[in-house]
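What follows is a set of notes on a single structure, which appears directly below.
Protein chains: 2
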Amino acid sequence: MAEAPRLAIDAMGGDDGLTTMLAGVAIAAASDPELALTLVGQEKFVYPALESYPALKSRVSIVDAPDIIRGEDGLKSAIRISKTSSIGMAIDLVKQGKCGAAISGGNTAALMSIAKLMLKTMPGIDRPALAALTPTLGDNDVVILDVGANTECDMRNLFEFAVMGAAYARTILGLERPRVGLLNIGTEAQKGTDVIRDTAAALTNADNLALNFCGYVEGHKLSRGDFDVIVCDGFSGNIALKTLEGTARFVTDLLKRAFTSSIRSKFGFLISRPATELLRHHLDPNNHNGGVFLGLNGIVVKSHGSADAKGIANAIAVAARLVRADIARKIADDLANNSMKPAT
Amino acid sequence: MAEAPRLAIDAMGGDDGLTTMLAGVAIAAASDPELALTLVGQEKFVYPALESYPALKSRVSIVDAPDIIRGEDGLKSAIRISKTSSIGMAIDLVKQGKCGAAISGGNTAALMSIAKLMLKTMPGIDRPALAALTPTLGDNDVVILDVGANTECDMRNLFEFAVMGAAYARTILGLERPRVGLLNIGTEAQKGTDVIRDTAAALTNADNLALNFCGYVEGHKLSRGDFDVIVCDGFSGNIALKTLEGTARFVTDLLKRAFTSSIRSKFGFLISRPATELLRHHLDPNNHNGGVFLGLNGIVVKSHGSADAKGIANAIAVAARLVRADIARKIADDLANNSMKPAT
Numbered sequence: 001m002a003e004a005p006r007l008a009i010d011a012m013g014g015d016d017g018l019t020t021m022l023a024g025v026a027i028a029a030a031s032d033p034e035l036a037l038t039l040v041g042q043e044k045f046v047y048p049a050l051e052s053y054p055a056l057k058s059r060v061s062i063v064d065a066p067d068i069i070r071g072e073d074g075l076k077s078a079i080r081i082s083k084t085s086s087i088g089m090a091i092d093l094v095k096q097g098k099c100g101a102a103i104s105g106g107n108t109a110a111l112m113s114i115a116k117l118m119l120k121t122m123p124g125i126d127r128p129a130l131a132a133l134t135p136t137l138g139d140n141d142v143v144i145l146d147v148g149a150n151t152e153c154d155m156r157n158l159f160e161f162a163v164m165g166a167a168y169a170r171t172i173l174g175l176e177r178p179r180v181g182l183l184n185i186g187t188e189a190q191k192g193t194d195v196i197r198d199t200a201a202a203l204t205n206a207d208n209l210a211l212n213f214c215g216y217v218e219g220h221k222l223s224r225g226d227f228d229v230i231v232c233d234g235f236s237g238n239i240a241l242k243t244l245e246g247t248a249r250f251v252t253d254l255l256k257r258a259f260t261s262s263i264r265s266k267f268g269f270l271i272s273r274p275a276t277e278l279l280r281h282h283l284d285p286n287n288h289n290g291g292v293f294l295g296l297n298g299i300v301v302k303s304h305g306s307a308d309a310k311g312i313a314n315a316i317a318v319a320a321r322l323v324r325a326d327i328a329r330k331i332a333d334d335l336a337n338n339s340m341k342p343a344t
Numbered sequence: 345m346a347e348a349p350r351l352a353i354d355a356m357g358g359d360d361g362l363t364t365m366l367a368g369v370a371i372a373a374a375s376d377p378e379l380a381l382t383l384v385g386q387e388k389f390v391y392p393a394l395e396s397y398p399a400l401k402s403r404v405s406i407v408d409a410p411d412i413i414r415g416e417d418g419l420k421s422a423i424r425i426s427k428t429s430s431i432g433m434a435i436d437l438v439k440q441g442k443c444g445a446a447i448s449g450g451n452t453a454a455l456m457s458i459a460k461l462m463l464k465t466m467p468g469i470d471r472p473a474l475a476a477l478t479p480t481l482g483d484n485d486v487v488i489l490d491v492g493a494n495t496e497c498d499m500r501n502l503f504e505f506a507v508m509g510a511a512y513a514r515t516i517l518g519l520e521r522p523r524v525g526l527l528n529i530g531t532e533a534q535k536g537t538d539v540i541r542d543t544a545a546a547l548t549n550a551d552n553l554a555l556n557f558c559g560y561v562e563g564h565k566l567s568r569g570d571f572d573v574i575v576c577d578g579f580s581g582n583i584a585l586k587t588l589e590g591t592a593r594f595v596t597d598l599l600k601r602a603f604t605s606s607i608r609s610k611f612g613f614l615i616s617r618p619a620t621e622l623l624r625h626h627l628d629p630n631n632h633n634g635g636v637f638l639g640l641n642g643i644v645v646k647s648h649g650s651a652d653a654k655g656i657a658n659a660i661a662v663a664a665r666l667v668r669a670d671i672a673r674k675i676a677d678d679l680a681n682n683s684m685k686p687a688t
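Below, the structure is given as structure tokens:
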């Protein structure tokens, strides 16, 4: 808690590139005066771009990274240039202990692979997971993990995801004992795969975990606000998260179409605009931005490629909170406290 | 095409029971005068309930089924009473060739298991699949299969789902060469599991299939209208379908909350009501009702448990179209025509 968070920011990532990244960093810096920020990217572009943010200029240090990993780059070529890329050099600052977290809006697969290669998994953790936040009808967002780091998972992986997800929810959502659900195709005991049933048994029998295991959760309950953490393998989690985002967009597109279908409905729309703006705000991915890789020796936050400045600032704030809360220690403590560990 | 469809209807299934079922059957009978309908259920309740539908009464025959499988019944107890239950006796009429299809709004797991046990899979098909229809931004609904019949699938299963789903889309959506996508966590060739990559290769190499294989589809693209058929294992399909339905409900709930948040927005809502009614209509599951078990020796249609009379009539119409189109023959022909069969 004592030390101010030192964050390494990949200045070149994100669909809109440097300009939007800097706008986001400027918002984050202004709202959290303690942050120590390092921008990692091509110096020749970062310096001149910083001219537009005089207040930020005096706050940041710059690390020159000659290469950029593009969204369309394959894993092999990304890893080949990792040591000289903005993604890789930002993560390296975390590895060297110079920064507490790295933030990037770049190529997710590359970020994930390079982070795993450079930082390695925490002692006691078999595989890292990518955790996402999405809105609900309740007071809080819900944490879903894994959403794409591990296509196939065994019982130990899912068990550790539950522990890591709960630590994340305690840190970011401020909950004492997060309600954890296991994603499944029904709520009856016999539903799902052996891996899921074994994980449910292990979580039910585990003592001293700082979480409240609430059993299975089905796809239509993800956004109801009945759970704080949803645990799943990276394949079904990725399908669920993207289906959720796609359907929210689908319904709002239909709504737009409906509202523009007649003069009368256009008029009604104008009148109720403040209300629909609230809806838009609640669903805006920028307000839930910041997917986090949990289980590595260091914090890596993935900002949505399409995030705007506010979204980027949000991802940076998430990283700062995780550093301040020392989430890695929380996860390690939770695993050590559990008296009923699953077979490995 | 020559013979009128003969349909066996489980009169006791569905959350609202007999009354809603009969109301739905009455709508279906009135809109399709050729249908020959058999109601399967407890005679002592069906006869008196029919008094409210004089036009229907003269059109239907009744088969007495003493037992009812309830939603909360486990598989074992359901199968124990299957031969005397309304679900089992409706399916038996299909097995005996007395009816071309069975329709039920009852316990899905029981319906699926009893249908498999009684009807067996079609020659050349390894496993049946449950196919669902869901709305899109395009002109047509999209077919998703499997949405819950098979938790784990191999390449042969997914390949056959593609063939069966395409035959279904040709029949129900009237498309000549449906665009088929394989559900995955990315669109790049290396994404997903071995099973998915092998299936993509088999579908790419297959000749003479009456479908247009369009590669991988991610969760956020399900409702865009770019695909007619989405193929997946029953686990991820169930997660995707339920997440889709749950998110549509979540967004409309948020919208309702937004519209009732102030007097001004309530007023705007009243004015734009015809537009939002259109949205409601488009998303109403009753307009997309009728999940179909494909790949069995006989057609079994699952009506949503919560379907209203209109929804039930829709499921009956789906069954009638599948009988008229002789979908089982279509699927068998497609498999036989494929010159590049996957290894079994």
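Here the protein sequences come in this chain order: A and B.
For the record, in the first sequence the residue sitting at position 78 is 78 according to my numbering, with numbers rising by one throughout.
To get my numbering, take the position in the second sequence, counting from 1, and add 344.
Don't be surprised by glycine CBs; every beta carbon is placed ideally from N, CA and C.
Bear in mind the structure is a predicted one, so any value in this text is a computation, not a measurement.
Residues of chain A with a CB under 7 Å from the CB of B/Ala-592: which are they?
As a position in the second sequence, residue 592 of chain B is number 248, starting the count at 1. Residues of chain A passing the Cβ test: Thr-247 and Val-251.
Use the C-beta contact count for A/Met-1: other C-beta atoms within 10 angstroms, 16 or more gives buried, fewer gives exposed.
Against the first sequence, residue 1 of chain A aligns to sequence position 1. Here A/Met-1 scores only 46 on pLDDT, less than 50, and its place in the model should not be relied on; the value that follows carries that caveat. It counts as exposed.
Chain B contact for A/Leu-279 (CB, 9 Å cutoff)
If you number the first sequence from 1, residue 279 of chain A lands on position 279. Yes - at least one Cβ of chain B is within 9 Å of the one on A/Leu-279.
Any idea if B/Pro-618 is buried or exposed, counting beta-carbon neighbours within 10 angstroms, 16 or more meaning buried?
As a working note, residue 618 of chain B is residue 274 in the second sequence. With fewer than 16 other Cβ atoms within 10 Å, it is exposed.
Separation of A/Lys-256 from A/Ser-265, as counted between CA atoms
Here residue 265 of chain A refers to the residue found at position 265 of the first sequence. Here residue 256 of chain A refers to the residue found at position 256 of the first sequence. Their Cα atoms are separated by approximately 10 Å.
Flag A/His-220 as yes if its beta-carbon sits less than 9 Å from any beta-carbon of chain B, otherwise no.
Against the first sequence, residue 220 of chain A aligns to sequence position 220. Yes - at least one Cβ of chain B is within 9 Å of the one on A/His-220.
Taking DSSP as the reference, what is the three-state secondary structure of A/Val-147?
As a working note, residue 147 of chain A is residue 147 in the first sequence. Here A/Val-147 sits in coil by DSSP.
For A/Ala-132, the residue or residues it bridges with in DSSP:
Here residue 132 of chain A refers to the residue found at position 132 when the first sequence is read from its first residue. Beta-bridge pairing links A/Ala-132 to A/Ile-144.
DSSP three-state call for B/Thr-452: helix, strand or coil?
Position 108 of the second sequence holds residue 452 of chain B. Of the three classes helix, strand and coil, the one that applies to B/Thr-452 here is helix, per DSSP.
What does B/Gly-492 touch in chain A if you count any residue whose Cβ is under 9 Å from its own?
For the purposes of this step, residue 492 of chain B is identified with residue 148 of the second sequence, where counting begins at 1. Residues of chain A passing the Cβ test: Ile-185 and Gly-186.
Along the alpha helix (DSSP H) that carries B/Thr-428, what are the first and last residues, could you check?
Position 84 of the second sequence, counting from 1, holds the residue named residue 428 of chain B. Note, B/Thr-428: premise wrong, no alpha helix (DSSP H); not H, not E.
What three-state label does DSSP hand A/Ser-261 in the structure shown?
Taking the first sequence and counting its residues from 1, the one referred to as residue 261 of chain A is at position 261. The answer is coil: DSSP assigns A/Ser-261 none of H, G, I, E or B.
For B/Arg-523, does the three-state DSSP call read helix, strand or coil?
Within the second sequence, numbered from 1, the residue matching residue 523 of chain B stands at position 179. Strand at B/Arg-523.
How many Å lie between B/Lys-401 and B/Glu-395 at the Cα?
Counting from one through the second sequence, the residue named residue 401 of chain B turns up at place 57. Counting from one through the second sequence, the residue named residue 395 of chain B turns up at place 51. Rounded to whole angstroms, B/Lys-401 to B/Glu-395 spans 7 Å at the Cα level.
If we ignore side chains and look at the alpha-carbon of each, how far apart do B/Val-667 and B/Gly-444 end up?
On the second sequence, position 323 is the one that residue 667 of chain B refers to. On the second sequence, position 100 is the one that residue 444 of chain B refers to. Roughly 6 Å separates the two Cα atoms.
Return helix, strand or coil for A/Arg-70, following the three-state DSSP convention.
Here residue 70 of chain A corresponds to residue number 70 of the first sequence, with the count starting at 1. Residue state, collapsed to three classes: coil.
Own chain residues within Cβ distance below 7 Å of A/Ala-115, not counting five before or after:
On the first sequence, residue 115 of chain A is found 115 positions in, with the first residue counted as 1. Contacts found: Ile-91, Phe-293, Leu-296 and Val-300.
Contact list for the segment 258-272 of chain A against chain B, Cβ threshold 7 Å
Ala-258, Phe-259, Ser-261, Ser-262, Arg-264, Ser-265, Phe-267, Gly-268, Phe-269, Ile-271 and Ser-272
Sub-9 Å separation of A/Ala-109 and A/Ser-85 beta-carbons:
As a working mapping, residue 109 of chain A is identified with position 109 in the first sequence. As a working mapping, residue 85 of chain A is identified with position 85 in the first sequence. Cβ distance not < 9 Å, so A/Ala-109 and A/Ser-85 don't count as in contact.
By a C-beta neighbour count over all protein chains shown, 10 Å radius and 16 as the cutoff for buried, is A/His-304 buried or exposed?
Looking up residue 304 of chain A in the first sequence gives position 304. When all chains shown are included, A/His-304 counts as buried.
Considering just the uninterrupted stretch of the beta strand (DSSP E) at B/Leu-638, what are its terminal residues?
What you label residue 638 of chain B is simply residue 294 of the second sequence in a count that begins at 1. Run containing B/Leu-638: 635-638, per the beta strand (DSSP E) assignment.
Rounding to the nearest angstrom, what Cα-Cα distance links B/Phe-505 and B/Val-575 in this structure?
As a working mapping, residue 505 of chain B is identified with position 161 in the second sequence. As a working mapping, residue 575 of chain B is identified with position 231 in the second sequence. So the two alpha carbons sit approximately 6 Å from each other.
Pick helix, strand or coil for A/Ala-319, following the three-state DSSP scheme.
Your numbering for residue 319 of chain A matches position 319 in the first sequence. Helix.
Starting from B/Ile-406, follow the beta strand (DSSP E) in both directions and report where the run begins and ends.
Against the second sequence, residue 406 of chain B aligns to sequence position 62. B/Ile-406 -> beta strand (DSSP E) spans 404-408.
Against chain A, with Cβ distances strictly below 9 Å, would B/Leu-437 count as a contact?
Here residue 437 of chain B corresponds to residue number 93 of the second sequence, with the count starting at 1. So no, B/Leu-437 is outside the interface.
Where does A/Ser-82 land, buried or exposed, given buried means 16+ other C-beta within 10 angstroms?
On the first sequence, residue 82 of chain A is found 82 positions in, with the first residue counted as 1. Buried, because 16 or more other Cβ atoms sit within 10 Å of the Cβ of A/Ser-82.
Identify the contact partners of A/His-282 in chain B, using a Cβ-Cβ distance below 8 Å as the criterion.
Taking the first sequence and counting its residues from 1, one reaches residue 282 of chain A at position 282. What A/His-282 touches in chain B: Leu-598.
With distances taken Cα to Cα, identify the nearest neighbour of A/Lys-76 among A/Asn-107, A/Gly-165 and A/Phe-267.
As a working mapping, residue 76 of chain A is identified with position 76 in the first sequence. Looking at the Cα atoms, A/Asn-107 is the closest of the given residues.
So is A/Asn-107 in contact with chain B if we call contact Cβ pairs under 9 Å?
Indexing the first sequence from 1 puts residue 107 of chain A at position 107. Chain B contact via Cβ: absent.
Whose C-alpha, out of B/His-625, B/Arg-403, B/Lys-565 and B/Asp-570, is nearest the C-alpha of B/Ala-584?
Here the question's residue 584 of chain B lines up with position 240 in the second sequence. Of the listed residues, the one whose Cα sits closest to B/Ala-584 is B/Lys-565.
Who are the neighbours of B/Lys-586 on chain A, taking C-beta pairs under 7 Å?
As a first step, residue 586 of chain B is located in the second sequence; it is residue number 242 there, counting from the start. By Cβ distance, chain A contributes Glu-218, Gly-219 and His-220.
If we ignore side chains and look at the alpha-carbon of each, how far apart do A/Pro-5 and B/Thr-531 end up?
Within the first sequence, the letter at position 5 stands for residue 5 of chain A. Within the second sequence, the letter at position 187 stands for residue 531 of chain B. The straight-line gap from Cα to Cα measures roughly 37 Å.
Comparing the CB of A/Gly-174 with every heavy atom of the ligand ZN, is any distance shorter than 8 Å?
In terms of ligand content, the structure shown is empty, and the ligand ZN therefore cannot be addressed.
Does chain A have any CB closer than 9 Å to the CB of B/Leu-351?
Residue 351 of chain B sits at position 7 when you count from the first residue of the second sequence. False, the Cβ-Cβ gap to chain A never drops below 9 Å.
Does B/Ala-687 come out as helix, strand or coil in the three-state DSSP assignment?
Walking along the second sequence from the start, residue 687 of chain B turns up at place 343. Because B/Ala-687 sits at a pLDDT of 49, beneath the cut-off of 50, its placement in the model cannot be relied upon, and the following sentence gives the value as read from the coordinates. Of the three classes helix, strand and coil, the one that applies to B/Ala-687 here is coil, per DSSP.
Once you ignore the five residues that flank A/Ala-313 on each side, which residues in its own chain have a CB closer than 6 Å to its CB?
What you label residue 313 of chain A is simply residue 313 of the first sequence in a count that begins at 1. Excluding residues within five positions, the ones whose Cβ falls inside 6 Å are Gly-24, Ile-27 and Ala-28.
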